[in-house]
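Counting in this note's numbering, the sequence shown runs from 26 upward without gaps. Glycine included, each C-beta is placed from N, C-alpha and C at the ideal position.
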Amino acid sequence: MAHNVLGGDLAVCGTDPMTGFYRTGCCDTGGEDQGVHTVCAQVTAEFLEFSAAAGNDLSTPRPEYGFAGLRPGDRWCLCASRWAEALEAGAAPPVVLEATHARTLEWIDLADLKTHAVP
26 MAHNVLGGDL
36 AVCGTDPMTG
46 FYRTGCCDTG
56 GEDQGVHTVC
66 AQVTAEFLEF
76 SAAAGNDLST
86 PRPEYGFAGL
96 RPGDRWCLCA
106 SRWAEALEAG
116 AAPPVVLEAT
126 HARTLEWIDL
136 ADLKTHAVP
């Protein structure tokens with residue numbers, strides 16, 4: 026079982042829409058996941074705008090990939106590096122700590138994640 030940033034078992038991030046690199050609902054990772062999709066975030070309009078401007082439009086539906094597009098409030102497994110970029114830009118979305126993979130700590134300090142934790 027994978028662990029979260031708090032040391033416990035990795036919880037489900039979201040299933041509507043189905044998230045995770047492996048589309049299991051969890052922010053699990055492995056060798057195939059070069060983007061390291063390990064941060065369980067509750068996306069905001071501000072973050073979605075930031076991500077689109079950075080070249081990754083997560084709002085626009087892409088039916089050819091079975092992707093309906095994200096809306097504010099959706100939970101999604103983000104790349105650790107993208108969340109770190111959003112943090113620097115002041116656009117980091119809230120994080121679900123119990124569903125954020127421990128590998129995230131290779132890119133982001135736990136204190137920063139806790140500051141942005143979903144209440």
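Of the candidates M26, L135, D134, A93, M26 places its Cα closest to the Cα of C51.
Our two residues, L112 and E89, have alpha carbons roughly 31 Å apart in a direct line.
With contacts defined as CB atoms closer than 8 Å, V64 and V143 fail to qualify as a contacting pair. The DSSP-derived three-state label of T54 is coil. In the structure shown, L103 falls within a strand segment according to DSSP collapsed to helix, strand and coil. A distance below 7 Å between beta-carbons, with the five flanking residues on each side excluded, links W108 to the following residues of its chain, in chain order: V64, A66, A117, I133. An exposed status is given to R96, since fewer than 16 other beta-carbon atoms sit within 10 Å of its beta-carbon.
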